[in-house]
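Start counting the sequence shown at 211; every next residue gets the next number (the numbering used here). Note that CB positions come from ideal geometry on N, CA and C, so glycine has one too. Notes follow the structure.
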Amino acid sequence: MMLSKLIAAATLLLTAVPGQAPASSPSASVSSTASAAESVWLTKYKALEAAIGDAVYTDPSSANLAWGESYILRSYLDVYAATQDTAWLDKIVTHADTIIANADDIDNDGFSGWSTSQYSPPELANTSFESAASGDTTLPANWTRFQDTGSHIYRTTDVPGSGTGTQSVRVVSDQTKWKKLRQKIGADYAGGTKHVLRAWGKRTGSVVGRVVLRDGSTTLCMLEYASTAWQLKQTTCDIPAGRAPEVWLEHASYTVSGSAYFDDVRLNGIFPYIVHDAMIGIPIAEFVRLVAKTPALSGYSAKAAAYRAFLENEIVPRWEQSGYLGNTWNGTSYQQSPNVDTFSHVRSSNDLPFNMPLGFANLLTVLHEVNGNPTYLDRATKVAQWAKGHLTGSAGAYVWNYATYTTKKEDLSHANVDVSAFVEFYRRGQVFTAADMTAFTKTLKSKMWNGSTSAPGFSLYVDGTGAANGVDYFLHSWLELSEFDRQVWTLAATKYTGFTATNASHLITLSRLLRLE
């Protein structure tokens, strides 16, 4: 009976037939007040959702959308499945409309999506001036003085605070000629896309400090500092390809007195990432699938059709047809862009970490159930086979690495992306079987669990090693394995009893506890 209940709950998200028609508009509100018979998990969920539910979806950064908003969107689907209250679907519409409207074509390849500078390779070296040049401890390594030998440009210990190291740079005006510090950006930079120039700065006296990116005599972008307190600023720059731009630390004028201070000067490209497109796209695709399979939700059909068109015409094809990124499909899996270094200028492998292609294959699998596109199924199946081929059996459990190019094991948090895909493949009858699901359950219980039923904890890595330090509250995809062993749900419920949830990963875990209750 319990197993049947769990299976029904797990599949409700995919095929639910609601008892309530959709609201005529997204104006329906969700009460954060608990009713007398309300589940404790719904009460906890509502309280946290009221605090953070709208915190991310207006952010254009793909990193924040992928690792925050995607969990919020999927939690709405969970709570709808558990309550049949279409106000949660209205929230999806409100969020998805904004997320899609904020999509960009950052690299001008003709495909819209989402992007970030958070993971791209740094184009400047020694950005916080922690390393000194050989033979001159006052000069930061990799930087060159202009019209000074060290009397007016030097390293100092006046820094903005924690996180920026122990050194900054001071540029003192002598009121007779320019005093500047410069560094040429690396030849491997990706031209033809936008970059973020970011730095801390402040001034004393009358000078105005400047961080300037120049291509010869042409200023590409600039930051200015006129405050005596440290300020963190950033701007976006267009950098042409095939040039030799330089970053200059200087004053706005050399005829006034004072000093400018600089720290943590960074330049990074803005790029799309396949795993971000996947994570953002999955809940939108799941909404499309839900509407397609639920006649009572026909009021959402127009929205679902628009979302589907965006995913099929923009997100999916960009990873094989982009003239800027190049074709990332290698016949077996998705790999790093062949044209652009979006992670590092030094590659040990073209392979991506497992979670990245698996996330995209998860998206393709959900969309295939709606559109029947055989290419989607082919790609997803091959990624599933590729990933399964890298699993290692260990005492009935599965253990796997973070990526093909490292011996570091997969961690509990990223494994949520993997397990989500594995479960989706299994439910669609692709590559993974019930026996595989049992093995993943044993990974959690036999390898990662500390064995305590009163104070359960889980290891950081799937082989049972490493202290999780709070990451073991990120259990949303692992909870899907309660279909195969009810104790998975019980252990997660015990962890969350008395726990104060604060973030989107906690929110989706609460929604899974509710849906699988």
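Rounded to whole angstroms, what is the Cα-Cα separation between residue i and residue j?
i: Gly426; j: Ile492; result: 45 Å
i: Asp588; j: Ala514; result: 24 Å
i: Gly263; j: Ser715; result: 12 Å
i: Arg528; j: Leu601; result: 29 Å
i: Gly676; j: Val609; result: 14 Å
i: Val381; j: Asn549; result: 38 Å
i: Trp277; j: His305; result: 15 Å
i: Lys390; j: Val379; result: 11 Å
i: Ala678; j: Ile484; result: 26 Å
i: Phe684; j: Phe635; result: 21 Å
i: Ser214; j: His624; result: At Ser214, the pLDDT of 40 sits below 50, so the modelled position is not reliable; the number obtained from the coordinates is stated separately. Answer to the nearest angstrom: the Cα atoms are 29 Å apart.
i: Ser510; j: Glu279; result: Reading off the sequence, residue 510 comes out as Tyr, not Ser. Roughly 21 Å separates the two Cα atoms.
i: Gln640; j: Thr648; result: 16 Å
i: Gly396; j: Glu333; result: 6 Å
i: Lys655; j: Asp646; result: 14 Å
i: Leu433; j: Gly320; result: 30 Å
i: Leu574; j: Asn523; result: 13 Å
i: Leu622; j: His686; result: 11 Å
i: Ala711; j: Val498; result: 29 Å
i: Tyr671; j: Ala665; result: 19 Å
i: Ala231; j: Leu252; result: The predicted position of Ala231 is uncertain, since its pLDDT is 37 and thus under 50; no value can be drawn from it.
i: Ile494; j: Tyr517; result: 7 Å
i: Ile316; j: Thr446; result: 11 Å
i: Leu691; j: Val629; result: 9 Å
i: Ala335; j: Trp353; result: 8 Å
i: Thr663; j: Ala703; result: 10 Å
i: Leu299; j: Ala292; result: 12 Å
i: Tyr290; j: Gln444; result: 40 Å
i: Gly569; j: Ser383; result: 53 Å
Considering only DSSP beta bridges, list what residue i is partnered with.
i: Gln444; result: Arg408
i: Phe179; result: Nothing can be reported for residue 179, as the shown portion of the chain is limited to 211 through 727.
i: Asp425; result: Thr428
i: His461; result: Gly419
i: Lys619; result: Asn611
i: Asp561; result: Gln545
i: Trp539; result: Tyr544
i: Ser271; result: Ser325
i: Thr602; result: Val609
i: Gln393; result: Val457
i: Glu434; result: Arg420
Between which two residues does the alpha helix (DSSP H) containing residue i stretch?
i: Tyr286; result: 280–293
i: Ser623; result: 622–637
i: Thr651; result: 644–652
i: Thr253; result: 250–262
i: Ser715; result: 714–725
i: Thr374; result: Looking at the DSSP string, Thr374 is not in any alpha helix (DSSP H), and its letter there is neither H nor E.
i: Ser511; result: 511–520
i: Val593; result: 584–598
i: Thr700; result: 696–706
i: Thr675; result: Per DSSP, Thr675 belongs to no alpha helix (DSSP H) and is neither H nor E.
i: Thr304; result: 297–311
i: Val526; result: 526–531
With DSSP collapsed to three states, give me the class of residue i.
i: Lys387; result: coil
i: Val498; result: helix
i: Glu456; result: strand
i: Ala342; result: strand
i: Thr414; result: strand
i: Tyr683; result: helix
i: Val381; result: strand
i: Ala231; result: Here Ala231 scores only 37 on pLDDT, less than 50, and its place in the model should not be relied on; the value that follows carries that caveat. Coil at Ala231, not helix or strand.
i: Asp487; result: helix
i: Glu690; result: helix
i: Glu333; result: coil
For residue i and residue j, which I take to be in contact (beta-carbon distance under 8 Å), what is that distance rounded to the nearest angstrom?
i: Lys301; j: Tyr281; result: Contact flag wrong, Cβ pair sits at about 13 Å.
i: Lys657; j: Asp673; result: 6 Å
i: Gly415; j: Ser469; result: 6 Å
i: Gly375; j: Ser338; result: 4 Å
i: Arg557; j: Glu456; result: Arg557 to Glu456, Cβ: 26 Å. No contact.
i: Thr326; j: Ser249; result: That belief does not hold up - the Cβ atoms of Thr326 and Ser249 are roughly 36 Å apart, past 8 Å.
i: Ser543; j: Val576; result: That belief does not hold up - the Cβ atoms of Ser543 and Val576 are roughly 18 Å apart, past 8 Å.
i: Gly401; j: Arg476; result: Incorrect: roughly 18 Å between the Cβ atoms, too far for contact.
i: Ile309; j: Leu275; result: 6 Å
i: Ala613; j: Asp561; result: 6 Å
i: Thr552; j: Gln545; result: The pair is not a contact, with the Cβ atoms about 11 Å apart (cut-off 8 Å).
Would you kindly report the start and end of the unbroken beta strand (DSSP E) that includes residue i?
i: Ala470; result: 468–479
i: Phe356; result: 354–356
i: Asp346; result: 346–350
i: Thr728; result: For residue 728 there is no data in the structure shown, the boundaries of the chain being 211 and 727.
i: Tyr608; result: 607–609
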